[in-house]
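K.L.:
I'd like to ask some things about the structure below.
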Amino acid sequence: MNKAVRKAVIAGNWKMNKTRPEAKALLEELKPMVADVKDVEVVACVPFTNLETALAATAGSNIKIGAENCHFEKSGAFTGEISADMLAEMGVEYVVLGHSERRQYFNETDETVNKRTKAALAAGLKPIVCVGELLWERECNITEEVIARQIKLDFYDVSAEDLKKCIIAYEPVWAIGTGKTATADQAEEVCAFIRATLAKLYGADVAEAITIQYGGSMNAGNAAELVSKTNVDGGLIGGASLKAADFTTIIKAAVNG
Ligand code: 13P
Numbered sequence: 035m036n037k038a039v040r041k042a043v044i045a046g047n048w049k050m051n052k053t054r055p056e057a058k059a060l061l062e063e064l065k066p067m068v069a070d071v072k073d074v075e076v077v078a079c080v081p082f083t084n085l086e087t088a089l090a091a092t093a094g095s096n097i098k099i100g101a102e103n104c105h106f107e108k109s110g111a112f113t114g115e116i117s118a119d120m121l122a123e124m125g126v127e128y129v130v131l132g133h134s135e136r137r138q139y140f141n142e143t144d145e146t147v148n149k150r151t152k153a154a155l156a157a158g159l160k161p162i163v164c165v166g167e168l169l170w171e172r173e174c175n176i177t178e179e180v181i182a183r184q185i186k187l188d189f190y191d192v193s194a195e196d197l198k199k200c201i202i203a204y205e206p207v208w209a210i211g212t213g214k215t216a217t218a219d220q221a222e223e224v225c226a227f228i229r230a231t232l233a234k235l236y237g238a239d240v241a242e243a244i245t246i247q248y249g250g251s252m253n254a255g256n257a258a259e260l261v262s263k264t265n266v267d268g269g270l271i272g273g274a275s276l277k278a279a280d281f282t283t284i285i286k287a288a289v290n291g
């Protein structure tokens, strides 16, 4: 394993938080705090309504902007939806796909996550594809089956070249917003399993190049241990990404990770 071949990526997932003035204030506060960060990609994934504000606030800085979802069709009669092309045209670089909250509350399936991933790639976006098991699935000892199935389905028909543009976020559903973080060993175990699954599907060289994040109650206190693990190449952070100081601490932990 060679962690040095992969860039660590720390991404904030703001979820349904922040009005435009609040978004601007948070990014303006964050900008100088992370201005000297070089070896870690810093991303803020924000609500659609904040994208233009966020892009303007971070222009010329080392903070990249992402959206929190996109639809899989290019355009058409899909009231309330946003296409990948619409995001790419704005200058958005990343998009979170298949988040467990989308799967849980909005009936997204591996099939639609796969379609969204392909649409995002076709538009030139970098997908952050989330996978993770439910507590019940972990208790039944089927975490690896669940994760392998999600990886196979979510990346069905995605070429090796396109896979290299994707980030995979391992987010155990039981650890999201619960304050219950996976231990660093649990995170490492599943992230290593994801890489081994990718190696079977795409070959070891491709698998070694993919950034795999951990997400789920990652915070300023536990980030350093999590990102020190061989197969944990950063994090997808919810609650703690809404506070500039905490998010900066996590980013700096990844610099040393
Ligand atoms: P929390 O960090 O708030 O647990 O959320 C994690 C998450 O869902 C990031 O996408």
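Numbering (the working numbering), first residue to last: 35 to 291.
Where a beta carbon is used, it is the ideal one built from N, C-alpha and C, also for glycine.
This one's a predicted model, so the numbers in the text were calculated from it and none came from an experiment.
If you pair each beta-carbon of the region 90-100 with each one of the region 167-176, do three or more pairs fall below 8 Å?
P.N.:
no
K.L.:
Buried or exposed: which applies to Asp239, given that a residue is buried once 16 or more other Cβ atoms fall within 10 Å of its Cβ?
P.N.:
For the purposes of this step, residue 239 is taken as the residue at position 205 of the sequence shown. Residue environment analysis places Asp239 among the exposed positions, since fewer than 16 neighbouring C-beta atoms fall within 10 angstroms of its C-beta.
K.L.:
By the DSSP assignment, the alpha helix (DSSP H) with Pro19 in it spans what residues?
P.N.:
Given a span of 35 to 291 for the chain in the structure shown, any question on residue 19 remains unanswerable.
K.L.:
Less than 8 Å between the CB atoms is what I'm expecting for Ile116 and Ile271, so what's the real figure, rounded?
P.N.:
Locating residue 116 in the sequence shown gives position 82, counting from the first residue. Locating residue 271 in the sequence shown gives position 237, counting from the first residue. The Cβ separation is near 23 Å, so there is no contact.
K.L.:
Would you mind reading off the limits of the alpha helix (DSSP H) that contains Lys152?
P.N.:
Along the sequence shown, read from residue 1 onward, the residue named residue 152 stands at position 118. Asp144 to Ala156 is the span of the alpha helix (DSSP H), which, as asked, contains Lys152.
K.L.:
If we ignore side chains and look at the alpha-carbon of each, how far apart do Ala274 and Ala78 end up?
P.N.:
Looking up residue 274 in the sequence shown gives position 240. Looking up residue 78 in the sequence shown gives position 44. So the alpha carbons of these two residues sit roughly 12 Å apart.
K.L.:
Is there contact between the region 105-112 and the region 82-96, where contact requires at least three CB pairs shorter than 8 Å?
P.N.:
Short answer: they don't touch.
K.L.:
What's the C-alpha gap between Tyr139 and Pro55?
P.N.:
Taking the first residue of the sequence shown as position 1, residue 139 is located at position 105. Taking the first residue of the sequence shown as position 1, residue 55 is located at position 21. Looking at the two C-alpha atoms, the distance is approximately 28 Å.
K.L.:
Please name the residue, chosen from Ala57, Lys58, Lys41 and Phe82, that lies closest to Val71 on a Cα-to-Cα basis.
P.N.:
On the sequence shown, position 37 is the one that residue 71 refers to. With distances taken between Cα atoms, Val71 lies closest to Lys41.
K.L.:
Using the Cα positions of Thr282 and Ala257, report the straight-line distance between them to the nearest angstrom.
P.N.:
Position 248 of the sequence shown holds residue 282. Position 223 of the sequence shown holds residue 257. Put simply, the backbone Cα of Thr282 is about 11 Å away from that of Ala257.
K.L.:
Specify, as a first and last residue, the run of the alpha helix (DSSP H) that Glu86 falls within.
P.N.:
Along the sequence shown, one-based indexing puts residue 86 at 52. Run containing Glu86: Leu85 to Thr92, per the alpha helix (DSSP H) assignment.
K.L.:
Closer than 8 Å is the cut-off here; do at least three beta carbon pairs connect the region 222-229 with the region 201-211?
P.N.:
yes
K.L.:
Excluding the 5 residues flanking Met35 on each side, which residues of the same chain have their C-beta closer than 6 Å to its C-beta?
P.N.:
Here residue 35 refers to the residue found at position 1 of the sequence shown. Here the model assigns Met35 a pLDDT of 48, short of 50, so the residue's position is not dependable, and the following value carries that caveat. Counting only Cβ-Cβ distances below 6 Å, and skipping sequence neighbours, we find Thr264.
K.L.:
If Ala156 and Lys198 are in contact, beta carbons under 8 Å, what's the gap, nearest whole angstrom?
P.N.:
Working through the sequence shown from its first residue, we reach residue 156 at position 122. Working through the sequence shown from its first residue, we reach residue 198 at position 164. So it is not a contact: roughly 15 Å between Cβ atoms.
K.L.:
Can you have a look at Ser134 and say buried or exposed, based on whether 16 or more other CB atoms are within 10 angstroms of its CB?
P.N.:
In the sequence shown, residue 134 corresponds to position 100, counting from 1. Its Cβ being crowded by 16 or more others within 10 Å, Ser134 is buried.
K.L.:
Name the DSSP bridge partner or partners of Ile246?
P.N.:
If you number the sequence shown from 1, residue 246 lands on position 212. The bridge partners DSSP lists for Ile246 are Ile202.
K.L.:
Cutting at 8 Å between CB atoms, please list the residues of its own chain near Leu276, excluding the five before and the five after it.
P.N.:
Position 242 of the sequence shown, counted from the first residue, corresponds to residue 276. Cβ neighbours of Leu276 beyond the five flanking positions: Gly46, Trp48, Asn51, Lys52 and Leu60.
K.L.:
My guess is that Ala122 and Leu64 are in contact by the Cβ rule of under 8 Å, so how many angstroms apart are they, rounded?
P.N.:
By one-based count along the sequence shown, residue 122 stands at place 88. By one-based count along the sequence shown, residue 64 stands at place 30. Not really, about 24 Å apart at Cβ, beyond 8 Å.
K.L.:
State the Cα-Cα distance for the pair Thr217 and Leu260, rounded to the nearest angstrom.
P.N.:
Sequence index remark: in the sequence shown, residue 217 carries index 183 (1-based). Sequence index remark: in the sequence shown, residue 260 carries index 226 (1-based). Going from the Cα of Thr217 to the Cα of Leu260 covers about 8 Å.
K.L.:
Leu197 lies in the alpha helix (DSSP H); which residues open and close that run?
P.N.:
Position 163 of the sequence shown, counting from 1, holds the residue named residue 197. Leu197 -> alpha helix (DSSP H) spans Ala194 to Leu197.
K.L.:
For Trp208 and Asp280, I'd like the C-alpha separation in whole angstroms.
P.N.:
For the purposes of this step, residue 208 is taken as residue 174 along the sequence shown, with counting starting at 1. For the purposes of this step, residue 280 is taken as residue 246 along the sequence shown, with counting starting at 1. Near 22 Å, if we compare the C-alpha coordinates of Asp280 and Trp208.
K.L.:
Tell me the rounded alpha-carbon separation between Val289 and Lys149.
P.N.:
As a position in the sequence shown, residue 289 is number 255, starting the count at 1. As a position in the sequence shown, residue 149 is number 115, starting the count at 1. For Val289 and Lys149, the distance between alpha carbons rounds to 33 Å.
K.L.:
Mapping the DSSP letters down to three states, classify Gly273 as helix, strand or coil.
P.N.:
Residue numbering aside, residue 273 sits at position 239 when the sequence shown is read from its first letter. Note: Gly273 maps to helix in three-state DSSP.
K.L.:
Leaving aside the five residues before and after Ala69 along the sequence, list all residues of the same chain whose C-beta is less than 8 Å from its C-beta, in chain order.
P.N.:
Taking the sequence shown and counting its residues from 1, the one referred to as residue 69 is at position 35. These residues qualify, in order along the chain: Ser95 and Asn96.
K.L.:
Nearest by alpha-carbon distance to Gly249: which of Val180, Lys186 and Ile162 is it?
P.N.:
On the sequence shown, residue 249 is found 215 positions in, with the first residue counted as 1. When only C-alpha atoms are compared, the closest one is Ile162.
K.L.:
Got a sec? Which residues, its chain only, sit under 7 Å from Ala57 by beta carbon, not counting five neighbours each side?
P.N.:
Your numbering for residue 57 matches position 23 in the sequence shown. Cβ within range, chain order: Val80, Asn84, Thr87 and Ala88.
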